[in-house]
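Everything on this sheet refers to the single structure shown next.
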Amino acid sequence: MSYKNNQFSEKNLTLSKNKRIGVPPDRNGTFVAEAMNRIVHAALIGLLLSSAGCSKGYDPEPPQRPPVPVPTVTIAEFQKLCLDGATVIREPIVLTGIVTTSDRSGNFYRTLGIEQNRSAVEIRTGTDNSHTRYPVGSRVCLRVQGLCVERQRGVLQIGPPAPPSSAEAVGYFRAQSLLDCHLFCGEREEPIPTGTLRTPDELDTALCGTLVLLSGFRYEPEDEEEPCWEGYRRFVDDEGFAIHTYVSSYARFARQPIPAGRVALRGMLQRIDTGPHAGYIIKLRDETDCLD
Numbered sequence: 100m101s102y103k104n105n106q107f108s109e110k111n112l113t114l115s116k117n118k119r120i121g122v123p124p125d126r127n128g129t130f131v132a133e134a135m136n137r138i139v140h141a142a143l144i145g146l147l148l149s150s151a152g153c154s155k156g157y158d159p160e161p162p163q164r165p166p167v168p169v170p171t172v173t174i175a176e177f178q179k180l181c182l183d184g185a186t187v188i189r190e191p192i193v194l195t196g197i198v199t200t201s202d203r204s205g206n207f208y209r210t211l212g213i214e215q216n217r218s219a220v221e222i223r224t225g226t227d228n229s230h231t232r233y234p235v236g237s238r239v240c241l242r243v244q245g246l247c248v249e250r251q252r253g254v255l256q257i258g259p260p261a262p263p264s265s266a267e268a269v270g271y272f273r274a275q276s277l278l279d280c281h282l283f284c285g286e287r288e289e290p291i292p293t294g295t296l297r298t299p300d301e302l303d304t305a306l307c308g309t310l311v312l313l314s315g316f317r318y319e320p321e322d323e324e325e326p327c328w329e330g331y332r333r334f335v336d337d338e339g340f341a342i343h344t345y346v347s348s349y350a351r352f353a354r355q356p357i358p359a360g361r362v363a364l365r366g367m368l369q370r371i372d373t374g375p376h377a378g379y380i381i382k383l384r385d386e387t388d389c390l391d
């Protein structure tokens, strides 16, 4: 009796399983063939529908960037409009210039310097590896409307308004997609910027942000500092004119030794008005900006 009950239970179990599959049992209790036929049918229909959805006519269009804007003012003209401290630009102003700085070696961190006819601005891109998207020598256009400007170390900085908790007025772009709405990169132009040769008498705050080249200087330590590039380093020419270089401790070449003898220095011109390093600063892009 128990054996028959077991057979009855197994049969019921088989029936309940096939009911869940949705296949009615035949008189012989065989379900596999019909179930497999229905599964194959469903798979073929799904395959046909998916192939139809992948046809060319159904491809979504890629997102479109805004068109490249036409420059409206020169950088020099724009600087004259930004003399009243931190300002958010409301007018549809567009700038253009040539990229002069590179973050490849880490001394320029999430910023990009552009120059036009001896005037320059620095863009706070907020992105790493800008040198791959905006290599030195590339012409870019910058849509300034909605961005904030303020001078730091004599250089006109441009970026989104900083959060209220920030000590600075100019912030950084939080994503490449946001930057792409304002900054447009064109072709790389020749020759590649190598810096304008200047004498100490020619240095002026109006040149801050531009790529300059000063020759005939020698390294003169201010104390028992290690003769490497990290931090502020003092250089003096034969007339006694002194200028400092600046290299971040995060820069790839920060710990490299400074060459002995007279050298030429190239980099972005900055100015500090107070403190032990007051005066003009040369911010190097990498170690090759020191020429023997």
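In terms of this note's numbering, the sequence shown opens at residue 100 and continues consecutively. The beta carbon of each residue, even a glycine, is placed where N, CA and C say it ideally should be.
Within the same chain, and ignoring the five residues on either side of Arg333 in sequence, the residues whose Cβ sits closer than 8 Å to its Cβ are Tyr318, Glu319, Pro320, Glu321, Ala341, Ile342, His343. Counting every other CB atom within 10 Å of its CB across the protein chains shown gives Arg273 a total below 16, marking it as exposed. Secondary structure at Leu364: strand, using DSSP grouped into helix, strand and coil. Distance from the CA of Arg232 to the CA of Arg238, rounded to the nearest whole angstrom, comes to 11 Å. Ala350 is classed as buried because its beta carbon has at least 16 other beta carbons within 10 Å across all chains shown.
Taking 3 residues as the minimum length, the beta strand (DSSP E) runs contained wholly in the segment 265-341 are 282-287, 310-318, 330-336, in order along the chain. Between Leu302 and Leu368, the C-beta spacing is below 9 Å. If you look at Ile174, you'll find it isn't in any beta strand (DSSP E); it sits in the alpha helix (DSSP H) that goes 174-179. An exposed status is given to Ser276, since fewer than 16 other beta-carbon atoms sit within 10 Å of its beta-carbon.
Relative to Arg287, the option among Val172, Gly196, Pro166 whose CA is nearest is Gly196. Following the DSSP letters along the chain, one finds Ser229 inside the alpha helix (DSSP H) bounded by residues 229-232. Listed in chain order, the non-local C-beta contacts of Glu386 below 8 Å within the same chain comprise Ser204, Trp328, Phe352, Gln355, local neighbours out to five positions each way being set aside. Remark: C-beta atoms of Val220 and Leu182 do not approach each other more closely than 9 Å. Collapsing the DSSP output to three states places Glu221 in a strand.
In its chain, beyond the 5 residues on either side, Tyr318, Pro320, Pro356, Ile357 have a beta carbon closer than 8 Å to the beta carbon of Pro326. Comparing C-alpha distances from Arg365 to each of Thr226, Ala268, Gly308, Asp337 shows the shortest one belongs to Gly308.
Under the criterion of beta carbons closer than 8 Å, Leu313 and Ala266 do not qualify as touching, at roughly 32 Å.
Between Gly378 and the set Val187, Gln215, Arg252, the nearest pair of CA atoms involves Arg252. Approximately 7 Å separates the beta-carbon atoms of Leu278 and Gly225; this is inside 8 Å, confirming the contact. In this chain, the beta strand (DSSP E) harbouring Ile381 covers 378-382.
Non-local C-beta neighbours of Asp388 in its own chain, meaning closer than 6 Å and more than five positions away in sequence, comprise Arg365, Gly366, ordered along the chain. Short of 8 Å from the beta carbon of Ile291, and not among the five residues preceding or following it, lie these beta carbons of its own chain, in chain order: Val235, Gly236. Under DSSP, Pro260 shares a beta bridge with Val269. In the structure shown, Thr373 adopts coil according to DSSP, grouped into three states.
Taking 9 Å as the cut-off, the Cβ atoms of Gly258 and Ile222 count as close.
Within 10 angstroms of the beta-carbon of Asn206 lie 16 or more other beta-carbons, which makes it buried. Using a Cβ distance threshold of 9 Å, Ala175 and Val248 do not count as a contacting pair.
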